[in-house]
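A.B. asks: Dropping the structure in here first, questions after.
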Amino acid sequence: MSNPESSPEKDIKDAFPWKENASLEPADSAKSSAKKAYTDMQSAMRFPIKLPVSLKSNSGEKHLETQNISANGVLFQVVDAEMPVGSLVDFTISLPADIVGTETDVRLDCKGRVVRNFEDSGRHGVGVVIDEYRFDRR
């Protein structure tokens, strides 16, 4: 027997009360999945580490510096805002040997998605969630 006051939406909200916006509606755009990824990324502790980065996207290759890094992603300062939310990017973060305790620098090759693009006081920033990564010691 089904409960007339029960619905799939209500059942989900009852099962996961901490999820205020629990829904059965599928995320149908790169923007909405990027927004969720950004929200998830914001929940991780961020470390203000400035490291050299080589970033490749549809608009070409850029040499940047990280502003902060978390377990889920990284924030870059960019000259322009050519990377829209949802864009796929490949980037390499150079980890200096003296910081990681190795004889040579270590490269962290990453694949990710732009989840935030903003301007603050004339500076452009891009938040990227890391989908895949690989360490490369050279």
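The sequence shown begins at -7 in our numbering and counts up one residue at a time. From the three backbone atoms N, C-alpha and C, an ideal C-beta is built for every residue, glycine too.
#1: For the alpha helix (DSSP H) that Asp141 lies in, which residues bound it at each end?
#2: Three or more C-beta pairs closer than 8 Å, one from the segment 86 to 100 and one from the segment 60 to 78: is that the case here?
#3: Looking at the secondary structure, which residues open and close the beta strand (DSSP E) in which Pro44 lies?
#4: Would you list the one or two residues that DSSP bridges to Thr58?
#5: Quick check: the Cα distance between Glu53 and Phe110, rounded to an integer number of angstroms?
C.D. replies: Judging by the given coordinates:
#1: In the structure as shown, the chain begins at -7 and stops at 130. Residue 141 is therefore absent and cannot be evaluated.
#2: Too few Cβ pairs lie closer than 8 Å, so no.
#3: Start and end: 44 to 49.
#4: Thr58 pairs with Phe68.
#5: So the two alpha carbons sit approximately 20 Å from each other.
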